[in-house]
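Participant: Mapped onto the UniProt record's numbering, the consecutive letters of the first sequence carry residue numbers 1 to 212. Heads up, the beta-carbon is just placed ideally off N, CA and C, and yes, glycines get one too.
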Amino acid sequence: MTNRKEIAEKFVKYLDENFADSKCSLKYENPFQLLIATILSAQCTDERVNKVTATLFKKYKNFEDFKNADLEEIMEDIRPTGFFRNKAKNIKKLSEVILEKYEGVIPVDINELVKLPGIGRKTANVLLGNCFNIPGIVVDTHVKRISQRLGLTDNDNPDKIEQDLMEVIPKEKWTKWSHQVIDFGRKICTAKKPKCDICEMRDVCKFANSEA
DNA sequence: CTCCCGATAT
DNA sequence: ATATCAGGAG
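Structure below.
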């Protein structure tokens, strides 16, 4: 009998041994840049986001630049990241709100952040964890898939998955753990053909044991 | 639940 | 051709 807490402990240990130096793979120099980069990262690889932001941040250096920019032009500038119409609208609107309601300062509070257009708990937790040292579990596509495969959650809703994970992962590890799971998801526990043969979690993994 | 959406891997 | 990528909003 291996329960969730035991699986979580084993997983934390495994990740620390194999993904010790995982960190944010989005490139940024300040909270403004990480916020924009994370919005762009929805359903897009970080590699592509980095390619776009490399030139994007030379043109747009702060929220004023996005607020004053033409919407159509922002769309073209971020087009390769996909969902470019929604993302451009959200970035422009969010820039206006931060300037007008928050006096140009990003609110360091998840309950305020998620009120902003285009920002959900995933994006908010990325920003808070990496720029402000506020622990948060980032439930993205990798964390969701792997948590379900390992049986760390039975839920499909990201908010509920986040709650389930907060119960079994030590709070001080939340941010680091999220980066580690994402690296694990990219290299071992991939969506398509997971490398169960070389995965040390195999013996406690429902998914691995349900495969042929 | 659906829609938004381009680029790459399989 | 289809699945997938650091999701969020209506």
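So, using beta-carbon positions, are residue 223 and Phe184 closer together than 8 Å?
Facilitator: This structure does not reach residue 223, given that the chain is present from 1 up to 212, and the question cannot be answered.
Participant: Please name the residue, chosen from Trp177, Lys173, Asp140, Pro170, that lies closest to Lys160 on a Cα-to-Cα basis.
Facilitator: Taking the first sequence and counting its residues from 1, one reaches residue 160 at position 160. The shortest C-alpha separation from Lys160 is found at Asp140.
Participant: By how many angstroms is the C-alpha of Ser22 removed from the C-alpha of Lys92?
Facilitator: By 1-based counting over the first sequence, the position of residue 92 is 92. By 1-based counting over the first sequence, the position of residue 22 is 22. Lys92 and Ser22: Cα-Cα distance of roughly 31 Å.
Participant: Go ahead and pull the three-state DSSP assignment for Leu56.
Facilitator: In the first sequence, residue 56 corresponds to position 56, counting from 1. In this structure, Leu56 counts as helix in the three-state DSSP scheme.
Participant: Please name the residue in Ile119, Glu167, Lys144, Lys89 whose C-alpha comes closest to that of Glu73.
Facilitator: By 1-based counting over the first sequence, the position of residue 73 is 73. Nearest C-alpha to Glu73: Lys89.
Participant: Nearest by alpha-carbon distance to Lys176: which of Leu15, Glu6, Arg202, Arg149 is it?
Facilitator: In the first sequence, the residue the question calls residue 176 occupies position 176. Residue Leu15 is the option with its Cα nearest to Lys176.
Participant: If I follow the unbroken alpha helix (DSSP H) through Pro158, where does it start and stop?
Facilitator: One-based indexing of the first sequence puts residue 158 at position 158. Element bounds for Pro158: 158-168.
Participant: To which residues of the same chain is residue 227 closer than 6 Å at the C-beta, ignoring the five residues directly before and after it?
Facilitator: Residue 227 lies beyond the range of the chain shown here (1 to 212); nothing can be said about it.
Participant: Expressed to the nearest angstrom, what Euclidean distance is found between the alpha-carbon atoms of Ala54 and Glu167?
Facilitator: In the first sequence, counting from the first residue as 1, residue 54 sits at position 54. In the first sequence, counting from the first residue as 1, residue 167 sits at position 167. Taking the straight line joining both Cα atoms gives about 38 Å.
Participant: For Ile198, count the other beta carbons within 10 Å of its own beta carbon; 16 or more makes it buried, fewer makes it exposed. Which is it?
Facilitator: Your numbering for residue 198 matches position 198 in the first sequence. So Ile198 ends up on the exposed side.
Participant: Just to confirm, is the Cβ distance from Leu94 to Leu116 under 8 Å?
Facilitator: Position 94 of the first sequence holds residue 94. Position 116 of the first sequence holds residue 116. Contact flag set, yes.
Participant: For Ile39 and Thr153, which I take to be in contact (beta-carbon distance under 8 Å), what is that distance rounded to the nearest angstrom?
Facilitator: Counting from one through the first sequence, the residue named residue 39 turns up at place 39. Counting from one through the first sequence, the residue named residue 153 turns up at place 153. About 25 Å separates the two Cβ atoms, so there is no contact after all.
Participant: For Ala212, which residues from the same chain have a beta carbon less than 6 Å from its beta carbon, with the 5 sequence-adjacent residues on both sides left out?
Facilitator: Position 212 of the first sequence, counted from the first residue, corresponds to residue 212. Confidence at Ala212 is low in this model, with a pLDDT of 48, below 50, so its placement is unreliable and no value can be given for it.
Participant: Identify whether Asp16 lies in helix, strand or coil by the three-state DSSP scheme.
Facilitator: Counting from one through the first sequence, the residue named residue 16 turns up at place 16. Looking at Asp16 - three-state DSSP - the assignment turns out to be helix.
Participant: Using the C-alpha atoms, what's the distance from Val181 back to Lys195?
Facilitator: Translated into positions along the first sequence, residue 195 becomes position 195. Translated into positions along the first sequence, residue 181 becomes position 181. If I take the Cα positions, the gap works out to 14 Å.
Participant: Take the Cβ of Glu29 as the centre, count every other Cβ of all protein chains shown within 10 Å, and call the residue buried at 16 or more, exposed below.
Facilitator: Walking along the first sequence from the start, residue 29 turns up at place 29. So Glu29 counts as exposed.
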